Structure formats: structure tokens, C-alpha cells
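S.K.: The sequence shown lines up with residues 6 to 110 when you count with the working numbering.
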Amino acid sequence: MELSPKVLAYLRASEVIARTRAEAGMYDRSTAAAINKELKLIADRLLKSARTSHKAGTIKEVYKRDPELAKACAQTRIARRYLNARKTIQKLEPEIIKQYKEEQP
6 MELSPKVLAY LRASEVIART RAEAGMYDRS TAAAINKELK LIADRLLKSA RTSHKAGTIK
66 EVYKRDPELA KACAQTRIAR RYLNARKTIQ KLEPEIIKQY KEEQP
């Protein structure tokens with residue numbers, strides 16, 4: 006499996022940060038535990054970014070090979086955006102009507 010340089014960089018950074026620990030004796034126990042926890046969270050976010058980046062690259066390759074699939078996915082994204090916008094409007098509509106009625110004399 007070929008990984009892009011970007012994905013490799015994310016993975017390498019995640020490995021380095023995952024092995025990094027707060028220096029003993031520099032911090033009290035609770036501070037060191039908090040630092041180590043944050044470092045673990047950062048390493049996890051980097052891994053998630055690597056997965057997302059690899060997935061995006063893989064999807065782009067599939068789209069290049071199959072233009073009909075790319076077109077269908079684009080139409081699906083457009084429909085999803087429309088439905089999300091419609092749902093947001095439905096949530097905000099009662100509040101907007103209420104504000105409008107309050108402003109009318």
C-alpha cells in the first residue's frame with residue numbers, strides 16, 4: 006500500500022508524540038498526568054488526520070477512474086446540502102416568525 010508523503014508525515018508525527026512523556030521530576034504528578042493525556046490526544050488527532058487524508062486520496066483516485074461515480078457522488082452531496090439547509094430553515098422558522106410578529110405594530 007502506497008501512502009502519500011502527507012500521510013506518512015502524520016503517522017511519523019503521531020508516533021513521535023505518542024512516545025513523548027512529561028519529564029520526570031520537572032512537574033508534579035497531576036501536571037505530568039495531564040501533560041501525558043494531552044500528548045495522547047494530540048497523537049490520536051494526528052492519526053485521525055492521517056486516516057482522513059488517506060481516505061480522501063483514495064476517493065480521488067476512484068473518482069479519476071470512474072467519472073460516472075464522481076458525478077453521482079457530486080449530486081448526492083448537493084442533495085445532502087439542500088436537505089441540511091432545509092432542516093435548518095425548519096428549525097429557525099418559528100423563531101423568525103415570532104420575532105417578525107413582535108416587530109409589527
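We put the CB at the ideal spot given by N, CA and C, even for glycine.
All of these numbers come straight from a predicted model, not from anything done at the bench.
So, do the stretch 53–61 and the stretch 77–97 have three or more beta carbon pairs nearer to each other than 8 Å?
M.R.: Segments in contact, no.
S.K.: When we look at the beta-carbon of Tyr87 and count the other beta-carbons within 10 Å, is it buried (16 or more) or exposed?
M.R.: exposed
S.K.: Apply the 10 Å Cβ neighbour rule to Ser35 and answer buried if 16 or more other Cβ atoms are within range, or exposed otherwise.
M.R.: The residue in question, Ser35, is exposed, as its Cβ has fewer than 16 Cβ neighbours within 10 Å.
S.K.: Is it buried or exposed for Leu13, if we count other Cβ within 10 angstroms and need 16 for buried?
M.R.: exposed
S.K.: Counting pairs of beta carbons, one from the stretch 88–96 and one from the stretch 35–51, are three or more of them closer than 8 Å?
M.R.: no
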